[in-house]
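First residue of the sequence shown? That's 12 in the working numbering, and the numbers climb one at a time after it. Each remark here refers to the structure printed beneath this line.
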Amino acid sequence: MQSLIRRLRDRFNVSVAEVGSQDLWQRAELGVAAVCQNHSGADRVMQQILSFIEAGGNVEIIASHSEIY
């Protein structure tokens, strides 16, 4: 997970933290925060992040949730 977190930070300039399921070795929950100028920019960044994670092949995304403030 640390490698993935580091790659996400470097590639997308976002804040990333492991926020849940730390006691399970086969599961992780990541929180990602990005500052964007508008709603569509935030959606685009999050979609790129999800695509990047899926393309890596090591991780399976079973759920995602986004909130825009």
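Even glycine gets a Cβ: it sits at the ideal position worked out from N, Cα and C. It should be emphasised that the depicted structure is a prediction, and the values quoted were computed from it without experimental measurement.
In the three-state scheme derived from DSSP, where H, G and I count as helix and E and B as strand, Ser51 is classed as helix.
Under the three-state reduction of DSSP, Glu78 is assigned to coil, being neither helix nor strand. Annotation for Gln13: the continuous alpha helix (DSSP H) segment containing it runs Gln13 to Phe23. Distance from the CA of Phe63 to the CA of Val25, rounded to the nearest whole angstrom, comes to 13 Å. In this structure Ile60 is buried. Its beta-carbon is surrounded by 16 or more other beta-carbon atoms within 10 angstroms. With a contact defined as Cβ atoms closer than 8 Å, Met12 and Ala44 miss out at about 17 Å.
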